[in-house]
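Novice: Taking the numbering used here, the leading residue of the sequence shown gets 5, the next gets one more, and so forth.
Glycine is no exception: its CB is placed at the ideal position from the N, C-alpha and C atoms.
Dumping the structure here so I can ask a few things about it.
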Amino acid sequence: MAKRKVIEIPGLAHQAPIPNGARVGNIIFSSAISGRDPETNELPKEPERQAKALFRNIGVFMDLAGGSTEDIGHMTVYLKEEKYRDAINKEWVKMFPDEHSRPARHAIKIELRGEVLFQIELVAVL
Numbered sequence: 005m006a007k008r009k010v011i012e013i014p015g016l017a018h019q020a021p022i023p024n025g026a027r028v029g030n031i032i033f034s035s036a037i038s039g040r041d042p043e044t045n046e047l048p049k050e051p052e053r054q055a056k057a058l059f060r061n062i063g064v065f066m067d068l069a070g071g072s073t074e075d076i077g078h079m080t081v082y083l084k085e086e087k088y089r090d091a092i093n094k095e096w097v098k099m100f101p102d103e104h105s106r107p108a109r110h111a112i113k114i115e116l117r118g119e120v121l122f123q124i125e126l127v128a129v130l
């Protein structure tokens with residue numbers, strides 16, 4: 005059986021005792037990833053900037069996991085408000101421009117803490 009390996013994005017540690025993600029064998033699981041800037045620890049107030057930072061963090065996470073965004077099979081998007089879906093979709097299409105090669109995705113509206121407008125969880129297979 006494969007051993008679990010923790011994946012941590014420098015500067016984006018959770019306040020709870022959980023990692024940013026874990027790898028078990030060739031499968032990658034993330035905890036919630038937000039659009040927080042790991043260098044400044046700031047969360048942009050504008051949805052477009054927060055979405056851009058979120059998708060940048062997804063790329064960093066996948067690099068640290070030993071893969072790329074092409075390995076992502078499913079993403080769950082958590083939205084504070086439905087109106088933020090457009091900002092997510094704009095960056096989604098940039099990261100996954102080929103409409104025939106995109107991960108499955110589910111987006112739901114939930115209560116999010118503080119200034120977080122949206123966050124994602126993902127599953128990838130290397």
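#1: How far does the beta strand (DSSP E) with Leu83 in it reach, from first residue to last?
#2: Taking C-alpha atoms, which residue in Ala55, Glu46 and Thr73 lies nearest to Phe4?
#3: Assuming the contact rule is C-beta atoms closer than 8 Å, Ser35 and Pro23 should be a hit. Round their C-beta distance to whole Å, please.
#4: According to DSSP, simplified to helix, strand and coil, what is Arg8?
#5: Buried or exposed: which applies to Val81, given that a residue is buried once 16 or more other Cβ atoms fall within 10 Å of its Cβ?
#6: Pick from Ile11, Glu119 and Pro107: whose alpha carbon is nearest that of Leu47?
#7: Could you tell me which residues DSSP puts in a beta bridge with Phe122?
#8: Rounding to the nearest angstrom, what Cα-Cα distance links Pro107 and Ile124 in this structure?
#9: From what residue to what residue does the alpha helix (DSSP H) around Gly29 run?
Specialist: With the given structure in hand:
#1: Unbroken beta strand (DSSP E) run through Leu83: Ile76 to Leu83.
#2: Absent from the model: residue 4. The displayed extent of the chain is 5 to 130, so no value can be given.
#3: 7 Å
#4: strand
#5: The residue in question, Val81, is buried, as its Cβ has 16 or more Cβ neighbours within 10 Å.
#6: The option with the nearest alpha carbon to Leu47 is Glu119.
#7: Looking at the DSSP output, Phe122 shares a beta bridge with Leu83.
#8: 13 Å
#9: First-last for Gly29: undefined, no H or E at that position.
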